[in-house]
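Step one of this worksheet: look at the structure below.
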Amino acid sequence: MEKIKAGIFDIEGLENVKIEIKEMMGEKMPEKEWAPMGPTPMPKMADLREWDRLLLKRYPPFYAPQCDVCALCTMGKCDLTGNKKGACGIRMDAMQGRIVLLACLVGCSAHAGHGRHMMHDIKHIKGDLDKIPIDFGPEINVEAPLTRLITGIKPKTVADFEPVLSYIEENIVQLADALHTGQEGSALDFESKAYQMGMLDSLGKEVADMIQMAAFKFPVGPDRPLLDMGMGTIDTEKAVILVIGHNAPPATNICDYVSDNGLEDEIDIAGICCTAIDSSRYSVKVKIAAALGRQLRVVRAGLADCIVVDEQCIRADIIEQAQKVGTPVICANDKKMHNLEIRDGDDPDEIVKDLVSGDVPGVVLLDPLNVGEVAVKLAQQMKPIRGKKSWILSDEDFKKYAESCTQCGNCTVACPNGIRIGDGHELAAEGDLSLMASHFDICIGCGKCEQVCPQNIPIVDTVIKAAYMKGLIQNEKGKIRQARGPIFDTEIRNVGAPLVLGTIPGIIAPVGCGNYPNGTHDVYLIAKEFAERGYIVCLTGCMAMDTALWKDEDGKTLYETHPDTFDRGGVINIGSCVSNAHIHDATIKVANIFAQRNIRGNYEEIADYVINRVGACGVSWGAMSQKAASIATGFQRLGVPVVVGPHGVKYRRAFMGRKDKKEDWYVYDARNGEKVYVGPVPEHSIIAAETIEECLPLMAKLCFRAADTPAGRSIKLTHYMDLNKKYLGAYPDDWTMFVRGETDLPMAKKGEFLQMLESDYGWKIDWKAKKILEGPTVKYDPSFDPTNLARLIRHKKE
Amino acid sequence: MEKIKAGIFDIEGLENVKIEIKEMMGEKMPEKEWAPMGPTPMPKMADLREWDRLLLKRYPPFYAPQCDVCALCTMGKCDLTGNKKGACGIRMDAMQGRIVLLACLVGCSAHAGHGRHMMHDIKHIKGDLDKIPIDFGPEINVEAPLTRLITGIKPKTVADFEPVLSYIEENIVQLADALHTGQEGSALDFESKAYQMGMLDSLGKEVADMIQMAAFKFPVGPDRPLLDMGMGTIDTEKAVILVIGHNAPPATNICDYVSDNGLEDEIDIAGICCTAIDSSRYSVKVKIAAALGRQLRVVRAGLADCIVVDEQCIRADIIEQAQKVGTPVICANDKKMHNLEIRDGDDPDEIVKDLVSGDVPGVVLLDPLNVGEVAVKLAQQMKPIRGKKSWILSDEDFKKYAESCTQCGNCTVACPNGIRIGDGHELAAEGDLSLMASHFDICIGCGKCEQVCPQNIPIVDTVIKAAYMKGLIQNEKGKIRQARGPIFDTEIRNVGAPLVLGTIPGIIAPVGCGNYPNGTHDVYLIAKEFAERGYIVCLTGCMAMDTALWKDEDGKTLYETHPDTFDRGGVINIGSCVSNAHIHDATIKVANIFAQRNIRGNYEEIADYVINRVGACGVSWGAMSQKAASIATGFQRLGVPVVVGPHGVKYRRAFMGRKDKKEDWYVYDARNGEKVYVGPVPEHSIIAAETIEECLPLMAKLCFRAADTPAGRSIKLTHYMDLNKKYLGAYPDDWTMFVRGETDLPMAKKGEFLQMLESDYGWKIDWKAKKILEGPTVKYDPSFDPTNLARLIRHKKE
Amino acid sequence: MAELKMAPFDAANIPGPKMGRVTAPVVLGKMIKRAKRPLLICGSEISEDGMIDKAIEIGKKGIPIVATGNAINRFMEKGYTDNVKYFSLHELTNCMRDPEWKGLDGNGNYDTAIYLGTLYYYASGLMSALKNFAPHVTVLSIDRYYHPNAVMTFGDIWRKPEEYQSMLDEVIAQI
Amino acid sequence: MAELKMAPFDAANIPGPKMGRVTAPVVLGKMIKRAKRPLLICGSEISEDGMIDKAIEIGKKGIPIVATGNAINRFMEKGYTDNVKYFSLHELTNCMRDPEWKGLDGNGNYDTAIYLGTLYYYASGLMSALKNFAPHVTVLSIDRYYHPNAVMTFGDIWRKPEEYQSMLDEVIAQI
Ligand code: SF4
Ligand code: SF4
Ligand code: SF4
Ligand code: SF4
Ligand code: SF4
Ligand code: SF4
Ligand code: SF4
Ligand code: SF4
């Protein structure tokens, strides 16, 4: 009899019946054995706890409470100041772990929920899910590394991701259960659960991106075209539809409607946040207007004739804000309905009429197939109505407002970045707009300032005006690559050796949100600095977008000057937030393709491989959302360190190592089980940097790995030393901790460094041979095989 | 060809394969048509929104923020005072809705997560889930009303609940997604989502209880035996195992081990919270030591030789507290592992050795089948060791502590109930223990006081001592009925008419936690007052347990003096927290069995039936947990009002009606679509009462329904008037709003009431006929068929 | 250590940047006197520390009283029923947040709510509702406790009943 | 309206019942003087409002300085490098919560951390870590802002740079 495998099948003679092979009794699914099953397929919350505890021993949680009380149940409020206990017995430290788990829950649910939502949409739009193959071309055999790694499933069609989503959902709920009053009492166990949530988050992102790539046939791989990016690229000569959010299906329907009706000359589609990125993968006609930080400004500048929002990272007051500039809103997702009417059954023209007349400020359309027609007709009809008015403040109004400012400081204490708006207004009243305009980029456009201004100055508008007068808005035009999604297997094969040898010193992953302390320029600087040094720079989400806002002397963005190949010096728009799963995937594929490790259901071993060998470092410079918490925590469990900007302390928890505690930095040599001191590599798992000058050398440092070859270490060291000198004025204090011998020293500076080792650190140098005789605490052995997992020791030494 | 229906099947010749019919293309499952499918099987979050908006119009959310700032993302903290907006644009009101949704998320996840966890345990312990029938005997045909109502599924075996759990999990994650920064902006839509979560919560509870009932063969139906209840029933002559939490499987394993080894004379098993109730359904040998409020006191009184905790409502510092009295702890659930080692693979005797020696304070055992042996041997070995010491304070120590108290008040301001412990100590120092002992019942045993005492007085112990000296602990012995689970279909058939006619004036459901403002006596009083008046009193969880702590003059508890039949005057221990699904079920069954409404996938219609016709009122006098939030919200959506104690304002949201707004109280007459004013019935959906005197008449009032017959209304009115007079000294102000004509007046007091109507309210009375001529604003028509749903109107009037 | 001028009775009850001003009895008395539509709200602790008698004195000065929880019984025990009505505080607060509410006497909403003898955490939560959503109501507390969600409030004085009573007398003297 | 004696620079930064005492410069100066192991922490705003010069004056009195973020560059620009070291504030705080930490000089942890010129919200969060988990460290702020998570702190003075500078002088005079 034919071998049955998991999947969904039709039954002959029963046309309307599908069956799914769901469960095999007594053994694992006899799926065609593409790889032997590892120890932990579909791990539950306790299954990877030993790995977590290894991490937590080296990187114990550090907590910075934002609030000293708890009010999560009616026995409270409870004062936990000074690590006191609440009425349920929980201490402040465990409470912080609980809040971290909560943030990760919301973040992970956003990704997985979005994935599930799209799964339904795709079924609705494209039909049978098992007819949509997961096939990203000949360059990609390992199609879904996280899915393989975590669940043991090798997906063939979109339908194969259904059990993956069910696994995620079941386990999210298990973890949410643990948030209940009177559960976990240990901060460490809360963090282990947060790791689990972070891992589920990474998986959810992979599912979401894979299914949209497969269903909407997003292009994959390098050499993607350059697309328009920036507020200045919006063509207000056309009727402008602005799509905001994270769920592309409604936006794809708009694209379809425009092209089906040949309206390209009449309609401009601009996007903000991930919907922008993802719909520009569907149609290069979509312009990426801005990332999160510009959202309110794009709306309030009055650029859009119709706004379509879906889910996540959209202003909660979008209706109110859009109303200020006469823009109607379509809510295209059930997570965000703003007390508006659901109008899916209604005649599109009726809906448009109600919106154009201003009878209602917006409507809900839950079927993505209903959005295109309404949005387009609406924008077309709104354009002439709205176009009559300029939405930028008049010179007189601007002057009047600037002059009415009393420099009271209310706005400044409300502002997340403490911007001195009063000073800006003071100068502006005197005719100097430069300070005011300079606030444009630092400002994250949150609008808190204007609601506390006793003079009722619409500060968002005065900042827009100043920026407009300085040409900042009109000229905010750049080029961004179309997002490319997953990394090719071939690319992995090619970079495997250079990554290990250090000719590529590391993978730098700027990901996530736009809550930057000091504007978008920092983001550009990170990408530039590392790309120019030959790191591979993989960007997603807001950071991918904001990087395109800055240009070199030739007027070119980094996307224009660097290729988007996964190779030395590449600057890659990987995609939206869900796409950053491909960065996890790249590290997993290094283990799988380059190092031939079996990844199936084998999470621990691969994370162990990554933390010891793959020099990757993430940065989320403006980490804002709960997704950033779960994303980062997913990276943590996989062994990829992350740096966040200073606002990142508000997540409350960091994982920092202690380089002064030698005992923390031993690993096994897998050859014989010996415990070997490897130095503090990578020194931290997640840490916030205060300024960009602190961030850059720190990231270089976090690319050190235990398995670095001397060639690799010397190049990494070069950049670490150099970035310190460049940004912090001097070589770092701790650099000798990373020197295992003279071969670790950068060739070009060997003499200088040896000199320093001798004179400043008292190491013994054989100057003839240019060899270090005495000094290093770390030994290097070329066949050293580092691991944290006792079970991977091959021949245990007696 | 044979008709295929949904379910799980074996395939001939493929022994290890099971298939599940999961999905039918193009039409609903052709499951044997036990009933036509209603409009909303497996509703998603937008599907019942119109119903929610009807409710929210009549009972708009009222918010009492506990905190004026938000710190849920790194753009914050944001000051929302005065309904300001945060950096994401959310206003204070929507933020409160968001927090309510968050609480409901945690509560709902606790129930569903527990259900799923048990599903795995049951499979592990009992084998194939599709071999375990859902069959609760001939008296129950409608076996799972919520499952039928919400999902459209009629479960035949435990396995049939798997898609139900998956549905719940998927939709919990969708709702959790909506918590992300920048999603919903409307408080009303957050509340609609909270309703959805509450509905999922009710369903999750039903699943959890049904599967444990089926798997562990819990007895069902009335006439259950009386069991021991109270701290005083613990037999410390034996080795005592204390089980705490909500997940019965590990406790059942202890019961099995004890009985398999004939150790009944050596081992006493006592339980706290729901594990107590549920394991006493498994074995009547299990004593119910206490509900939540006594937890810390049972532990600190040193009564247990071994503590086994599973999940939910357990002290987060259980290890630390148990250590104080030398009790080792077994953690039997992955949600609560306290940084202890998982020891499932180890030799039980080794584990016991490590625990007995004190080398470790506790262990984790995740396999319930491993718990019994370890717990029993541990308790046996600990008993002689621990027994050498008395864990109650000595007279000298007590005196010393009482004298050292400076009456500084630190304890009082830390105490959730503001208890004046200082006064108690002052009197106790003079030898009068009465005040101190009186604190024993008011105190919820949270322990916050003792950690802030500058004199380091172990206040929990001094209270225990005082109570002990007064005999309160030893004598805390009562009788509780074994929990009976679901209500019989026959019972529903019998009470249907009396409920509608009012000879049974209502169903009173005291459910939930022990955070009472004034001790357990209030709880007893509620049950007693309503049972004696002929209401049906259905209790679950902590309130079911605490009711058994008080006795009448004959030394009998209410469980002894009242039958546990679902009938007039019944006092029923329905079961644990998950069992309160059966209370929902009872109301649904009234619609289904008594009124012959189709319930399949027909939520709106049934909720509409319940709110207009079924005079039920819940009370959660000590609502503490996030589960209480989701439970109550589930009742709300189904149309059952709930009263909470004063701590309930800390949930932040209430749903109160406005009887002064006549326009809010119109419903359709389904016969012709006429809008009919029915008066404020039920007036509130959820409200907190300040004291028990306020609570009792309020509950009577909330049993009024639009469809009350004059007979029913007059009896309900009798109790409402009478309870007001009894507890608040006078007839209520608003009683005339409920009088639709003279037939609504209680027979016995008709004259008096007519007199009042004439003299105090100016109604016109025909004294000869004893008829009201003019006055009532509400009309009564015997064939009036109230509904809130336009689609149920049969013949629309022109 | 706290730089709160006054700590709340529930130590952890720190709601946010806007916290009640600790105010002298004379000033509170004048605020009450000046109110156009004041309402004295007496809660379930009204019979403690002699508060009931003070409440009756205030009532006798013409300020209408709402007795919440079980407080109405205490007034009846004292034989004072002139301008006292029972009402649930939760429901009352729900009504008060609506500027259009007609009040207990049908003459409109109140502009000033004065709290006395309430259950602390319960009253505090409901004051918070008014603070955040009812700008048209001024919340004053003359209770024994510091109430951060009131606009003006006594400081914590529950441990000194005599002092507290003379503070109430000072308030009453102004009305 | 707030009965906070001092509102934080981030208006919403109200952590709980324990909030820093607004303290006179003289007292803060004395606290620093009295400290056995003080550490001056200078952050990325150190070059504003003349703070850098004051920091150097303090350094010259023998108090070791940690320059966080990019502050080290400002010290180098001023040619002052004697007892200034670069360190990440996040990492430093992580070390300081461990009583056994050896300090930057190997002589042990610090008993007093003094903040100057820091990024407000970042420093505030990290002060909270010490407040809650490092009872062995006294947190003092002589920054321009009211810092609720310090034990003692200046009030908000960022809008009056001259006044602020003379306050710093008063502190320095005591050391
Ligand atoms: S969850 Fe614990 S700490 Fe929080 S309010 Fe409840 S009892 Fe207090
Ligand atoms: S709040 Fe308004 S008036 Fe005050 S400084 Fe800011 S802009 Fe000027
Ligand atoms: S909109 Fe800009 S200036 Fe205003 S508070 Fe937000 S970040 Fe600050
Ligand atoms: S990067 Fe952050 S802010 Fe930007 S779209 Fe993604 S989650 Fe939202
Ligand atoms: S979620 Fe909104 S209100 Fe809360 S901190 Fe973030 S921006 Fe502020
Ligand atoms: S805190 Fe301690 S010393 Fe102070 S009143 Fe309470 S028991 Fe007495
Ligand atoms: S243990 Fe009892 S007395 Fe102590 S704070 Fe808790 S409730 Fe109050
Ligand atoms: S009633 Fe509440 S406290 Fe009691 S066991 Fe259930 S959830 Fe826990």
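Residue numbers (the numbering used here), protein chains in the order written: chain A, 1 to 798; chain B, 1001 to 1798; chain C, 2001 to 2175; chain D, 3001 to 3175.
The beta-carbon is built from N, C-alpha and C at its ideal position, and this holds for glycine as well.
Proximity to residue i [Cα-Cα], best of the options
| i | options | result |
| --- | --- | --- |
| Gly-634 of chain A | A:Ser-357, A:Arg-386, A:Pro-646 and A:Thr-587 | A:Thr-587 |
| Tyr-1651 of chain B | B:Ala-1527, B:Ser-1620 and B:Val-1363 | B:Ser-1620 |
| Leu-638 of chain A | A:Asp-660, A:Leu-433, A:Asp-608 and A:Val-463 | A:Asp-608 |
| Lys-1470 of chain B | B:Gly-1409, B:Phe-1440 and B:Glu-1450 | B:Phe-1440 |
Contact under 8 angstroms by Cβ, residue i with residue j
| i | j | result |
| --- | --- | --- |
| Lys-716 of chain A | Gly-615 of chain A | yes |
| Gly-519 of chain A | Cys-542 of chain A | no |
| Val-1356 of chain B | Leu-1340 of chain B | no |
| Gln-66 of chain A | Gly-3125 of chain D | yes |
| Ile-1508 of chain B | Val-1537 of chain B | yes |
| Glu-3045 of chain D | Gly-3117 of chain D | yes |
| Thr-275 of chain A | Asp-310 of chain A | yes |
| Gly-2043 of chain C | Val-2151 of chain C | no |
Cutoff 8 angstroms; reference residue i; Cβ partners in own chain excluding five residues on either side
| i | result |
| --- | --- |
| Glu-2100 of chain C | Asn-2109 |
| Leu-296 of chain A | Arg-315, Gln-321, Gly-445, Cys-446, Gly-447 and Val-460 |
Any non-hydrogen atom of ligand 8 closer than 7 angstroms to residue i Cβ
| i | result |
| --- | --- |
| Met-1624 of chain B | yes |
Any non-hydrogen atom of ligand 5 closer than 7 angstroms to residue i Cβ
| i | result |
| --- | --- |
| Met-1075 of chain B | yes |
| Ala-87 of chain A | no |
Any non-hydrogen atom of ligand 1 within 7 angstroms of residue i CB
| i | result |
| --- | --- |
| Ile-2014 of chain C | no |
Same chain, Cβ closer than 6 angstroms to residue i, five either side skipped, listed in chain order
| i | result |
| --- | --- |
| Phe-62 of chain A | Ala-654 and Met-656 |
| Ile-319 of chain A | Val-329, His-338, Pro-361 and Gly-362 |
| Ala-178 of chain A | Glu-184 and Lys-193 |
| Ala-402 of chain A | His-425, Ala-428 and Ala-429 |
Cβ-heavy atom distance, residue i to ligand 3, below 7 angstroms
| i | result |
| --- | --- |
| Ile-459 of chain A | yes |
Proximal chain E residues relative to residue i, where beta-carbon distance stays under 7 angstroms
| i | result |
| --- | --- |
| Gly-1082 of chain B | The question asks about chain E, but that chain is absent: this structure's protein chains are A, B, C and D. |
Contacts around residue i, its chain only, beta-carbon distance under 7 angstroms, and the 5 residues preceding and following it disregarded
| i | result |
| --- | --- |
| Ala-1581 of chain B | Leu-1146, Ser-1202, Lys-1205, Glu-1206 and Asp-1209 |
Report task. Output the residue ranges of the alpha helix (DSSP H) runs that lie fully inside the stretch 593-669 of chain A and measure 4 residues or longer, sorted by chain position. Result -> 603-613 and 626-638
Query - Minimum length 3: unbroken beta strand (DSSP E) runs contained in the stretch 3075-3159 of chain D - result: 3084-3086, 3112-3116 and 3138-3141
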